[in-house]
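**Student:** So the sequence shown is numbered by the working numbering: it starts at 1142 and just counts up by one.
Questions regarding the structure given below will be posed in turn.
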Amino acid sequence: MRLKDKTAVIIGAGQSPGETTGNGRATAIRFAQEGARVLCVDRDLASAEETAKLAGNGSAAFQADVLKEDSLGAAIAEAVRLWGRLDILHYNVGVSIAGGDAPPTEITAEAFDRVTAINLRGFILAVKHALPVMRRQEGGVILSISSAAAVESYPYVAYKTTKAAMLAFTEQVAIQNAEYGIRCNTILPGLMDTPMAVDTRVRHTGKTRAEVAAERNAKVPLRRRMGTAWDVANAALFLASDEAGFITGVALPVDGGRLVQIG
1142 MRLKDKTAVI
1152 IGAGQSPGET
1162 TGNGRATAIR
1172 FAQEGARVLC
1182 VDRDLASAEE
1192 TAKLAGNGSA
1202 AFQADVLKED
1212 SLGAAIAEAV
1222 RLWGRLDILH
1232 YNVGVSIAGG
1242 DAPPTEITAE
1252 AFDRVTAINL
1262 RGFILAVKHA
1272 LPVMRRQEGG
1282 VILSISSAAA
1292 VESYPYVAYK
1302 TTKAAMLAFT
1312 EQVAIQNAEY
1322 GIRCNTILPG
1332 LMDTPMAVDT
1342 RVRHTGKTRA
1352 EVAAERNAKV
1362 PLRRRMGTAW
1372 DVANAALFLA
1382 SDEAGFITGV
1392 ALPVDGGRLV
1402 QIG
């Protein structure tokens, strides 16, 4: 019960279609298992409701679109209305090729703006609305999902750029809010077996799921097998808990040693 009586908002708690569990859903479930009351936020209300049902422990669902600041503010306000406080904000939204991402010589302005708005602007605006609540409480945890792509070779420009910017913003929020007892950290997932990472590539490449998975597995040093959403969820649980009470401003790789291999 590492999060007993804590209130958490997970933005991106639903998931895209696929055979496995996504990071947001797995994190909502793990947080609830450890005692948190979780507001499962997603633009797809049905998917958020499914996550809330799976999580249990009084979890609730809320519809919000990260492209609309008002809806992000409303999600934060809903958690406070339901439970009187906000202990954890977890931003788990990201898009790459599904948003039209491409190499630098092929990216369109529209695709770059779309990916930037979802990956980065949404995170910044969610934090904007969470900080006043956490400052009044004199405590809170802000988490996000960046990516190992932020620091490794990655072919698509908007995803890499936005995920790298999340590291800088994490550091900024951490140092500017330390005096309020607010911690801010981000997670760098490596090659993961999630619907966004694998099933999206299946739809865009025409390869089978087994082919995409095999290509990705071969690149992972640890056991030659991708991680799962539960690996990310457990990392988020640690960073959200009091066990990480002296950790702020860090980017934690969850990647099976891939970044070490790359150097």
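In this text, a Cβ means the ideal position worked out from N, Cα and C, and glycines have one as well.
Going by the DSSP bridge assignment, what does residue 1394 pair with across the sheet?
**Tutor:** Counting from one through the sequence shown, the residue named residue 1394 turns up at place 253. Answer is 1329.
**Student:** Exposed or buried, residue 1317, counting other C-beta atoms within 10 Å across all chains shown (16 or more means buried)?
**Tutor:** For the purposes of this step, residue 1317 is identified with residue 176 of the sequence shown, where counting begins at 1. Per the 10 Å Cβ criterion, exposed.
**Student:** Tell me, to the nearest whole angstrom, how far the beta carbon of residue 1150 is from that of residue 1182; I am working on the premise that it is less than 8 Å.
**Tutor:** Residue 1150 sits at position 9 when you count from the first residue of the sequence shown. Residue 1182 sits at position 41 when you count from the first residue of the sequence shown. Confirmed, Cβ separation roughly 6 Å.
**Student:** Tell me which residue opens and which closes the alpha helix (DSSP H) that residue 1388 is part of.
**Tutor:** The count along the sequence shown starts at 1 and reaches residue 1388 at position 247. Careful: residue 1388 lies outside any alpha helix (DSSP H) and carries neither H nor E.
**Student:** CA-CA distance, residue 1190 and residue 1358?
**Tutor:** Indexing the sequence shown from 1 puts residue 1190 at position 49. Indexing the sequence shown from 1 puts residue 1358 at position 217. Roughly 32 Å between the two C-alpha positions.
**Student:** So residue 1284 packs on residue 1327, CB below 8 Å; how close in whole Å?
**Tutor:** Here residue 1284 is taken as the residue at index 143 of the sequence shown, counted from 1. Here residue 1327 is taken as the residue at index 186 of the sequence shown, counted from 1. Indeed, because the Cβ distance is near 7 Å, the residues count as touching under 8 Å.
**Student:** Would residue 1253 and residue 1299 be called neighbours here (beta carbons separated by less than 7 Å)?
**Tutor:** The residue you call residue 1253 lines up with position 112 of the sequence shown. The residue you call residue 1299 lines up with position 158 of the sequence shown. Their beta carbons are under 7 Å apart, which means residue 1253 touches residue 1299 by this criterion.
**Student:** Pick out the complete alpha helix (DSSP H) segments inside the stretch 1280 to 1342, 4 residues or longer, and give them in chain order.
**Tutor:** 1298 to 1318, all fully within the stretch 1280 to 1342.
**Student:** Under a three-way DSSP split, which group does residue 1204 fall into?
**Tutor:** As a working note, residue 1204 is residue 63 in the sequence shown. Three-state result, residue 1204: strand.
**Student:** Which stretch, first to last residue, makes up the alpha helix (DSSP H) that contains residue 1265?
**Tutor:** Here residue 1265 refers to the residue found at position 124 when the sequence shown is read from its first residue. Counting along the chain, the alpha helix (DSSP H) containing residue 1265 begins and ends at 1263 to 1278.
**Student:** Within 10 angstroms of the Cβ of residue 1145, are there 16 or more other Cβ atoms? Answer buried if so, exposed if not.
**Tutor:** Position 4 of the sequence shown, counted from the first residue, corresponds to residue 1145. So residue 1145 ends up on the exposed side.
**Student:** Kindly indicate which three-state DSSP category residue 1211 falls into: helix, strand or coil?
**Tutor:** Numbered from 1 along the sequence shown, position 70 holds the residue referred to as residue 1211. Three-state DSSP puts residue 1211 in a helix.
**Student:** Can you tell me the Cβ-Cβ gap for residue 1343 and residue 1349, rounded? I've got them flagged as a contact below 8 Å.
**Tutor:** Here residue 1343 is taken as the residue at index 202 of the sequence shown, counted from 1. Here residue 1349 is taken as the residue at index 208 of the sequence shown, counted from 1. Contact holds; Cβ gap of about 7 Å.
**Student:** Could you tell me the distance, in whole angstroms, from the CA atom of residue 1337 to the CA atom of residue 1160?
**Tutor:** The residue given as residue 1337 occupies position 196 in the sequence shown. The residue given as residue 1160 occupies position 19 in the sequence shown. Using only the alpha carbons, I get a separation of about 10 Å.
**Student:** Here's a check: name, in chain order, each residue in its chain whose Cβ is nearer than 6 Å to the Cβ of residue 1370, leaving out the five neighbours to either side.
**Tutor:** Taking the first residue of the sequence shown as 1, we reach residue 1370 at position 229. Correct list, in chain order: 1162, 1163, 1164, 1167, 1335.
**Student:** First and last residue of the beta strand (DSSP E) that includes residue 1178?
**Tutor:** Residue 1178 sits at position 37 when you count from the first residue of the sequence shown. Segment 1178 to 1183, the beta strand (DSSP E) holding residue 1178.
**Student:** Around the Cβ of residue 1387, are there at least 16 other Cβ atoms within 10 angstroms (buried) or fewer (exposed)?
**Tutor:** For the purposes of this step, residue 1387 is taken as residue 246 along the sequence shown, with counting starting at 1. Result: exposed.
**Student:** Using 8 Å as the threshold, is the stretch 1201 to 1212 in touch with the stretch 1257 to 1267, meaning 3 or more CB pairs across them?
**Tutor:** Yes: at least three Cβ pairs fall under 8 Å.
**Student:** Enumerate in chain order the residues of its own chain whose CB-to-CB distance from residue 1282 is below 6 Å, with the five nearest sequence positions on each side excluded.
**Tutor:** Residue numbering aside, residue 1282 sits at position 141 when the sequence shown is read from its first letter. Result list for residue 1282: 1229, 1324, 1381, in chain order.
**Student:** Rounded C-beta distance between residue 1332 and residue 1399? I'm assuming under 8 Å.
**Tutor:** Against the sequence shown, residue 1332 aligns to sequence position 191. Against the sequence shown, residue 1399 aligns to sequence position 258. That pair is a contact at about 7 Å.
**Student:** Looking only at DSSP bridge pairs, what is residue 1152 linked to?
**Tutor:** Position 11 of the sequence shown, counted from the first residue, corresponds to residue 1152. Per DSSP, 1182, 1232.
**Student:** Could you check what DSSP says for residue 1368 in three-state terms: helix, strand or coil?
**Tutor:** Counting from one through the sequence shown, the residue named residue 1368 turns up at place 227. Residue 1368 falls in the strand class under three-state DSSP.
**Student:** Would you mind sorting residue 1403 into buried or exposed? The rule is 16 or more other CB atoms within 10 Å of its CB.
**Tutor:** Start at 1 with the first residue of the sequence shown, and residue 1403 comes out as number 262. That one is exposed.
**Student:** Can you check whether the CB of residue 1397 is closer than 7 Å to the CB of residue 1361?
**Tutor:** Start at 1 with the first residue of the sequence shown, and residue 1361 comes out as number 220. Start at 1 with the first residue of the sequence shown, and residue 1397 comes out as number 256. Against a cut-off of 7 Å, the Cβ pair of residue 1397 and residue 1361 comes out as a contact.
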